[in-house]
Amino acid sequence: MGENPENSTSSLFQIFREYTVIPTNLYDEQYCIGLNFLEAKDSFRESDGLEPITLATHATSDMLKTLENMPNLWDGPISVGIFLDIQTSNALEYLENLHKCVPEFGRKMSIHFAYRISAFQTDCPTVSIPKSRISCDYFLKNQETLRAEISAPFVLTFEFHHKCFFFGHQIENLPFWLETSSKSPEIISWQIPYSNVDWEPQPILHKNDPYNADYFPSRIKNVQSLIYKLCRANYTFHLLSHVFDVHEGIKTEDTKYSKAVADHQNIYARRTARLRYAEEMSNLYPDTWEKCGVFAL
Numbered sequence: 001m002g003e004n005p006e007n008s009t010s011s012l013f014q015i016f017r018e019y020t021v022i023p024t025n026l027y028d029e030q031y032c033i034g035l036n037f038l039e040a041k042d043s044f045r046e047s048d049g050l051e052p053i054t055l056a057t058h059a060t061s062d063m064l065k066t067l068e069n070m071p072n073l074w075d076g077p078i079s080v081g082i083f084l085d086i087q088t089s090n091a092l093e094y095l096e097n098l099h100k101c102v103p104e105f106g107r108k109m110s111i112h113f114a115y116r117i118s119a120f121q122t123d124c125p126t127v128s129i130p131k132s133r134i135s136c137d138y139f140l141k142n143q144e145t146l147r148a149e150i151s152a153p154f155v156l157t158f159e160f161h162h163k164c165f166f167f168g169h170q171i172e173n174l175p176f177w178l179e180t181s182s183k184s185p186e187i188i189s190w191q192i193p194y195s196n197v198d199w200e201p202q203p204i205l206h207k208n209d210p211y212n213a214d215y216f217p218s219r220i221k222n223v224q225s226l227i228y229k230l231c232r233a234n235y236t237f238h239l240l241s242h243v244f245d246v247h248e249g250i251k252t253e254d255t256k257y258s259k260a261v262a263d264h265q266n267i268y269a270r271r272t273a274r275l276r277y278a279e280e281m282s283n284l285y286p287d288t289w290e291k292c293g294v295f296a297l
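Quick note on this note's numbering: the sequence shown kicks off at 1 and runs consecutively.
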């Protein structure tokens, strides 16, 4: 029997309708980057014309449960880059369901993704991501909703990594910061000194401010290198009231896996990244090394 051309056209059109097509760009000759796979539905721009503060972070697919809860921890736009491999590409479909079915997630979250190209690739393809066919009712009924009904125990506020890396996150006069933020709606800031080469506060930066050195491997002072660079560039640091990022869970020590990854990354960092970074800082900011100290791994 001959095929009905009308049916063929309709079927083909249906196939294209069931995929989200995302162009990707090559970065550092190693990675394909897909931007704005999912975009926040709220711009968070008020009548005063000021830009909102965006929480920008990254994750792998094993952190999906943490990502689900992020809209409850940050009152503003959130931008997340997801690193994928062949085994975890279906994480995008899961995130698409969250974006569609959970109002706060869809309102605040913008999702981007990255993956490493193969040794035989020289450019990045357009990525076609299947659109989910399941209903929100089905999706929500199958989430682990019970954990949201369990009340967490009362714990006094303290700095991130207080128990295992305090000197990297210490906040001067923490009680004053908390009290100032709770007693008045007026937002204020005050200058704090650059602490040490291990200091890694979460900075709020403009897109034209310096970026961190992207050749520093994860876990090996990649945040500290940015803070040190800002110091060398003669930036001052100011603590802003009313801006908090809450981290659930308390890390008391490194896991064996974390230590193994850090040891592996440290070999490259000490051989290559440290020398390159030191040379860059000397060339860009030759007059500020006494102010900020010597960067070390």
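Think of the CB as a built atom: it goes at the ideal place given N, C-alpha and C, for glycine as much as any other residue. These numbers were taken from a predicted model, which means no experiment stands behind them.
Range covered by the alpha helix (DSSP H) that runs through residue i
{"i": "CYS136", "result": "136-141"}
{"i": "VAL243", "result": "First-last for VAL243: undefined, no H or E at that position."}
{"i": "LEU230", "result": "222-232"}
{"i": "MET281", "result": "274-284"}
{"i": "THR255", "result": "Run containing THR255: none; DSSP gives neither H nor E here."}
{"i": "CYS32", "result": "Element bounds for CYS32: not the alpha helix (DSSP H) but the beta strand (DSSP E), 31-38."}
{"i": "THR180", "result": "174-183"}
{"i": "THR66", "result": "64-69"}
{"i": "LYS41", "result": "From DSSP, LYS41 is part of no alpha helix (DSSP H); its letter is neither H nor E."}
Where the beta strand (DSSP E) through residue i begins and ends
{"i": "TRP190", "result": "189-192"}
{"i": "LEU50", "result": "Element bounds for LEU50: n/a, residue is neither H nor E."}
{"i": "GLY106", "result": "Here GLY106 belongs to no beta strand (DSSP E); instead the alpha helix (DSSP H) covers 103-108."}
{"i": "PRO130", "result": "127-130"}
{"i": "LEU55", "result": "55-60"}
{"i": "PHE83", "result": "78-84"}
{"i": "LEU26", "result": "25-27"}
{"i": "ILE22", "result": "19-22"}
Beta-carbon proximity of residue i to residue j, cut-off 9 Å
{"i": "PHE120", "j": "GLY81", "result": "no"}
{"i": "THR20", "j": "SER128", "result": "yes"}
{"i": "LYS131", "j": "GLU96", "result": "yes"}
{"i": "ILE300", "j": "VAL243", "result": "With the chain represented from 1 up to 297, any question about residue 300 goes unanswered, as that position is not in the structure."}
{"i": "GLN170", "j": "TRP190", "result": "no"}
{"i": "ASP209", "j": "TYR235", "result": "yes"}
{"i": "LEU38", "j": "ILE111", "result": "yes"}
{"i": "ASP245", "j": "LEU55", "result": "yes"}
{"i": "LEU284", "j": "ALA233", "result": "yes"}
{"i": "THR126", "j": "ILE22", "result": "yes"}
{"i": "GLU46", "j": "PRO71", "result": "no"}
Proximity to residue i [Cα-Cα], best of the options
{"i": "PHE237", "options": "LYS100, ASN208 and SER195", "result": "SER195"}
{"i": "ILE78", "options": "ASP62, PRO52, ILE220 and TYR277", "result": "PRO52"}
{"i": "GLU93", "options": "ILE204, SER189 and SER135", "result": "SER135"}
{"i": "GLY76", "options": "LYS100, HIS99, ASN90 and ASP42", "result": "ASP42"}
{"i": "SER181", "options": "SER241, ASN72, GLU46 and TRP199", "result": "SER241"}
{"i": "LEU230", "options": "THR288, ILE220, ALA262 and ALA59", "result": "THR288"}
{"i": "ILE220", "options": "ILE267, PHE139 and ASN142", "result": "ILE267"}
{"i": "VAL102", "options": "TRP74, ASP137, ASP123 and LEU73", "result": "ASP137"}
{"i": "ILE192", "options": "ASP48, ASN142 and LEU239", "result": "LEU239"}
{"i": "LYS316", "options": "LEU98, SER61 and LEU226", "result": "Residue 316 lies beyond the stretch modelled for the chain, which goes from 1 to 297, so this question has no answer here."}
{"i": "LEU297", "options": "SER225, GLU290, LYS183 and THR122", "result": "SER225"}
{"i": "GLN265", "options": "LYS207, GLU280 and ASN222", "result": "ASN222"}
{"i": "GLN202", "options": "ASP48, MET63 and THR57", "result": "THR57"}
{"i": "GLU303", "options": "THR255, SER258 and TYR211", "result": "Residue 303 lies beyond the range of the chain shown here (1 to 297); nothing can be said about it."}
{"i": "GLU18", "options": "THR255, LYS183, PRO185 and ARG133", "result": "ARG133"}
{"i": "LEU73", "options": "SER47, GLU46, ASP48 and MET109", "result": "MET109"}
Own chain residues within Cβ distance below 6 Å of residue i, not counting five before or after
{"i": "LEU84", "result": "PHE113 and TYR115"}
{"i": "PRO286", "result": "none"}
{"i": "GLY2", "result": "Here the model assigns GLY2 a pLDDT of 43, short of 50, so the residue's position is not dependable, and the following value carries that caveat. Here the set comprises nothing."}
{"i": "ASN36", "result": "none"}
{"i": "PHE176", "result": "none"}
{"i": "ALA298", "result": "The requested residue 298 is not part of the displayed model; the chain covers only 1 to 297."}
{"i": "PHE308", "result": "Missing from the structure shown is residue 308; the chain here goes from 1 to 297 and no further."}
{"i": "GLU172", "result": "ILE192"}
{"i": "PHE139", "result": "ASN97 and CYS101"}
{"i": "PRO185", "result": "none"}
Residues of its chain near residue i, where Cβ-Cβ distance is below 7 Å and the 5 sequence neighbours each way are ignored
{"i": "TYR228", "result": "VAL197, CYS292 and PHE295"}
{"i": "GLY106", "result": "LYS41, HIS99 and LYS100"}
{"i": "ASP123", "result": "LEU26"}
{"i": "SER282", "result": "none"}
Cut-off 8 Å between Cβ atoms - residues of its own chain near residue i, not counting five sequence neighbours on either side
{"i": "ALA59", "result": "THR66, LEU67, VAL80, GLY81, ILE82 and PHE83"}
{"i": "GLN30", "result": "ARG116 and ILE117"}
{"i": "PHE13", "result": "Residue confidence for PHE13 is low, a pLDDT of 32 falling below 50, so the modelled location carries little weight and cannot support an answer."}
{"i": "ARG269", "result": "Reading off the sequence shown, one finds Ala at residue 269, where the question assumed Arg. Closer than 8 Å at the Cβ level, and outside the excluded window around ALA269, lie PHE216, PRO217, ILE220, LYS221 and LEU297."}
Does the structure place the region 212-219 close enough to the region 264-275 that three or more beta carbon pairs sit under 8 Å? Touching, per the Cβ criterion.
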